[in-house]
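Basically my numbering = 1-based index in the sequence shown + 12. Backbone N, C-alpha and C define an ideal beta-carbon position, used for all residues, glycine too. Below: the structure, in C-alpha coordinates.
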Amino acid sequence: MKGAIRSMDDRRHRFEAQVLPHLDAAYRFARWLSRSPSDADDVVQEAILRAFRGFDALRGSDVRAWLLTIVKNCHLTAVKQQQRRAVVPLPEENDPQDAQAMTATTPDPESTSIRRDEERTLARLMSALPEEQREVLVLREIEEMDYREIAAVTNVPIGTVMSRLARARAALKARWSLESGGATHAVR
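Below, the structure is given as C-alpha coordinates:
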(Lines of atoms letter the chains of each structure in order from A and count residues from 1; the text may use other names and numbers.)
(Lines give C-alpha, C1' and ligand atoms only; values in the text may rest on other atoms or scores of the structure.)
Protein backbone atom coordinates (compact mmCIF):
# COMPACT_ATOMS: atom_id res chain seq x y z
CA MET A 1 0.00 0.00 0.00
CA LYS A 2 2.82 2.37 0.93
CA GLY A 3 4.53 1.56 -2.35
CA ALA A 4 1.45 2.56 -4.32
CA ILE A 5 1.16 5.85 -2.45
CA ARG A 6 4.88 6.52 -2.89
CA SER A 7 4.53 5.70 -6.62
CA MET A 8 1.55 8.05 -6.92
CA ASP A 9 3.43 10.81 -5.08
CA ASP A 10 6.44 10.28 -7.32
CA ARG A 11 4.24 10.43 -10.40
CA ARG A 12 2.55 13.62 -9.15
CA HIS A 13 5.91 15.27 -8.42
CA ARG A 14 7.26 14.36 -11.88
CA PHE A 15 4.03 15.67 -13.45
CA GLU A 16 4.25 18.94 -11.53
CA ALA A 17 7.91 19.34 -12.41
CA GLN A 18 7.55 18.57 -16.13
CA VAL A 19 4.03 19.69 -17.10
CA LEU A 20 2.97 22.53 -14.80
CA PRO A 21 5.74 24.90 -15.96
CA HIS A 22 3.85 24.96 -19.28
CA LEU A 23 0.49 25.84 -17.71
CA ASP A 24 0.69 29.51 -18.76
CA ALA A 25 1.41 28.50 -22.36
CA ALA A 26 -1.51 26.08 -22.23
CA TYR A 27 -3.83 28.81 -20.98
CA ARG A 28 -2.66 31.34 -23.58
CA PHE A 29 -3.18 28.79 -26.34
CA ALA A 30 -6.62 27.86 -25.00
CA ARG A 31 -7.53 31.54 -24.75
CA TRP A 32 -6.66 32.12 -28.39
CA LEU A 33 -8.54 29.03 -29.48
CA SER A 34 -11.70 29.65 -27.47
CA ARG A 35 -11.70 33.47 -27.34
CA SER A 36 -13.34 33.32 -23.94
CA PRO A 37 -11.57 33.29 -20.56
CA SER A 38 -14.13 30.97 -18.98
CA ASP A 39 -14.03 28.54 -21.92
CA ALA A 40 -10.22 28.65 -21.84
CA ASP A 41 -10.31 27.80 -18.12
CA ASP A 42 -12.54 24.81 -18.84
CA VAL A 43 -10.33 23.62 -21.71
CA VAL A 44 -7.12 23.91 -19.66
CA GLN A 45 -8.69 22.17 -16.67
CA GLU A 46 -9.79 19.26 -18.86
CA ALA A 47 -6.39 19.19 -20.60
CA ILE A 48 -4.50 19.00 -17.29
CA LEU A 49 -6.74 16.15 -16.14
CA ARG A 50 -6.17 14.27 -19.39
CA ALA A 51 -2.44 14.98 -19.25
CA PHE A 52 -2.21 13.61 -15.72
CA ARG A 53 -4.15 10.48 -16.67
CA GLY A 54 -1.92 9.90 -19.68
CA PHE A 55 1.36 11.07 -18.15
CA ASP A 56 2.81 7.58 -17.88
CA ALA A 57 2.39 7.13 -21.63
CA LEU A 58 4.42 10.28 -22.40
CA ARG A 59 7.45 9.37 -24.47
CA GLY A 60 10.00 11.93 -25.48
CA SER A 61 11.14 15.19 -24.03
CA ASP A 62 8.82 17.78 -25.64
CA VAL A 63 6.31 18.03 -22.82
CA ARG A 64 5.14 21.47 -23.94
CA ALA A 65 4.14 20.27 -27.43
CA TRP A 66 2.44 17.24 -25.90
CA LEU A 67 0.43 19.43 -23.48
CA LEU A 68 -0.56 21.93 -26.19
CA THR A 69 -1.75 19.06 -28.37
CA ILE A 70 -3.97 17.93 -25.52
CA VAL A 71 -5.25 21.52 -25.12
CA LYS A 72 -6.12 21.65 -28.83
CA ASN A 73 -7.92 18.31 -28.64
CA CYS A 74 -9.85 19.38 -25.55
CA HIS A 75 -10.87 22.57 -27.33
CA LEU A 76 -12.07 20.64 -30.38
CA THR A 77 -14.05 18.29 -28.13
CA ALA A 78 -15.66 21.25 -26.36
CA VAL A 79 -16.61 22.86 -29.70
CA LYS A 80 -18.21 19.62 -30.90
CA GLN A 81 -20.15 19.30 -27.65
CA GLN A 82 -21.41 22.87 -27.97
CA GLN A 83 -22.52 22.25 -31.54
CA ARG A 84 -24.36 19.10 -30.52
CA ARG A 85 -26.14 20.95 -27.76
CA ALA A 86 -26.66 23.99 -30.02
CA VAL A 87 -25.73 26.20 -27.11
CA VAL A 88 -24.76 29.75 -27.79
CA PRO A 89 -22.32 30.86 -25.11
CA LEU A 90 -23.15 34.09 -23.36
CA PRO A 91 -20.68 36.87 -23.96
CA GLU A 92 -18.25 37.72 -21.23
CA GLU A 93 -19.23 40.57 -18.93
CA ASN A 94 -18.09 43.98 -20.22
CA ASP A 95 -16.95 42.53 -23.56
CA PRO A 96 -17.62 45.28 -26.14
CA GLN A 97 -17.24 42.85 -29.05
CA ASP A 98 -20.09 40.65 -27.89
CA ALA A 99 -22.39 43.29 -26.41
CA GLN A 100 -24.76 43.03 -29.40
CA ALA A 101 -25.22 39.33 -28.64
CA MET A 102 -27.16 40.26 -25.52
CA THR A 103 -29.61 42.33 -27.56
CA ALA A 104 -32.62 40.38 -28.73
CA THR A 105 -33.12 40.34 -32.47
CA THR A 106 -36.77 39.42 -32.13
CA PRO A 107 -39.43 41.45 -30.38
CA ASP A 108 -40.43 40.43 -26.90
CA PRO A 109 -43.93 38.96 -26.38
CA GLU A 110 -45.31 42.21 -24.96
CA SER A 111 -44.15 44.23 -27.99
CA THR A 112 -45.53 41.58 -30.33
CA SER A 113 -48.89 41.66 -28.59
CA ILE A 114 -49.04 45.46 -28.68
CA ARG A 115 -48.11 45.50 -32.37
CA ARG A 116 -50.84 42.95 -33.18
CA ASP A 117 -53.41 44.97 -31.24
CA GLU A 118 -52.40 48.11 -33.13
CA GLU A 119 -52.59 46.26 -36.46
CA ARG A 120 -56.11 45.03 -35.65
CA THR A 121 -57.17 48.53 -34.57
CA LEU A 122 -55.71 50.05 -37.73
CA ALA A 123 -57.44 47.46 -39.94
CA ARG A 124 -60.76 48.09 -38.18
CA LEU A 125 -60.41 51.88 -38.43
CA MET A 126 -59.37 51.72 -42.09
CA SER A 127 -62.34 49.50 -42.92
CA ALA A 128 -64.60 52.20 -41.47
CA LEU A 129 -63.30 54.78 -43.97
CA PRO A 130 -65.31 55.46 -47.14
CA GLU A 131 -64.17 53.17 -49.96
CA GLU A 132 -62.62 55.92 -52.11
CA GLN A 133 -60.50 57.15 -49.16
CA ARG A 134 -59.52 53.62 -48.08
CA GLU A 135 -58.59 52.81 -51.69
CA VAL A 136 -56.12 55.72 -52.11
CA LEU A 137 -54.74 55.24 -48.58
CA VAL A 138 -53.95 51.57 -49.24
CA LEU A 139 -52.42 52.29 -52.64
CA ARG A 140 -50.23 55.08 -51.23
CA GLU A 141 -49.24 53.80 -47.78
CA ILE A 142 -49.25 50.03 -48.22
CA GLU A 143 -48.53 49.60 -51.91
CA GLU A 144 -46.28 52.70 -51.93
CA MET A 145 -47.56 53.94 -55.25
CA ASP A 146 -47.00 57.54 -56.32
CA TYR A 147 -49.89 59.93 -57.04
CA ARG A 148 -49.72 59.42 -60.82
CA GLU A 149 -49.93 55.62 -60.43
CA ILE A 150 -52.84 55.93 -57.99
CA ALA A 151 -54.63 58.26 -60.39
CA ALA A 152 -54.23 55.69 -63.17
CA VAL A 153 -55.53 52.84 -60.98
CA THR A 154 -58.50 54.79 -59.60
CA ASN A 155 -59.20 56.63 -62.85
CA VAL A 156 -59.45 60.03 -61.12
CA PRO A 157 -57.32 63.20 -61.50
CA ILE A 158 -54.15 63.57 -59.37
CA GLY A 159 -55.75 66.47 -57.46
CA THR A 160 -58.63 64.20 -56.46
CA VAL A 161 -56.16 61.53 -55.35
CA MET A 162 -54.35 64.08 -53.19
CA SER A 163 -57.54 65.41 -51.58
CA ARG A 164 -58.93 61.92 -50.91
CA LEU A 165 -55.61 60.90 -49.40
CA ALA A 166 -55.52 64.00 -47.16
CA ARG A 167 -59.11 63.36 -45.99
CA ALA A 168 -58.35 59.66 -45.40
CA ARG A 169 -55.28 60.46 -43.32
CA ALA A 170 -57.10 63.10 -41.28
CA ALA A 171 -60.07 60.79 -40.63
CA LEU A 172 -57.83 57.90 -39.69
CA LYS A 173 -55.79 60.08 -37.34
CA ALA A 174 -58.91 61.46 -35.66
CA ARG A 175 -60.43 58.01 -35.20
CA TRP A 176 -57.12 56.64 -33.88
CA SER A 177 -56.89 59.48 -31.35
CA LEU A 178 -60.44 58.84 -30.18
CA GLU A 179 -59.75 55.11 -29.93
CA SER A 180 -56.54 55.52 -27.96
CA GLY A 181 -57.86 58.20 -25.63
CA GLY A 182 -55.97 61.09 -27.21
CA ALA A 183 -52.54 59.49 -27.24
CA THR A 184 -50.51 60.42 -30.27
CA HIS A 185 -49.23 57.70 -32.56
CA ALA A 186 -47.12 57.65 -35.68
CA VAL A 187 -50.06 57.85 -38.08
CA ARG A 188 -49.83 60.39 -40.85
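- Judged by beta-carbon spacing, A180 lies within the 8 Å limit of L149, meaning their Cβ atoms are closer than that value.
- Look at the beta carbons and you see the region 66-79 touching the region 25-34: at least three pairs across the two are nearer than 8 Å.
- Every alpha helix (DSSP H) of 4 residues or more that sits fully in the region 133-165 is shown, in chain order, as 143-149.
- Boundaries of the alpha helix (DSSP H) harbouring V56: 49-65, taken from the DSSP string.
- Between the region 76-87 and the region 31-50, the count of Cβ pairs shorter than 8 Å is three or higher; the stretches touch.
- Between M174 and Y159, the alpha-carbon positions lie close to 7 Å from each other.
- A direct Cα-to-Cα measurement between E122 and E130 gives close to 12 Å.
- For S46, the secondary structure class from DSSP, reduced to helix, strand or coil, is helix.
- A direct Cα-Cα distance of roughly 28 Å separates R23 from D51.
- In the structure shown, the three-state DSSP call for V31 is coil.
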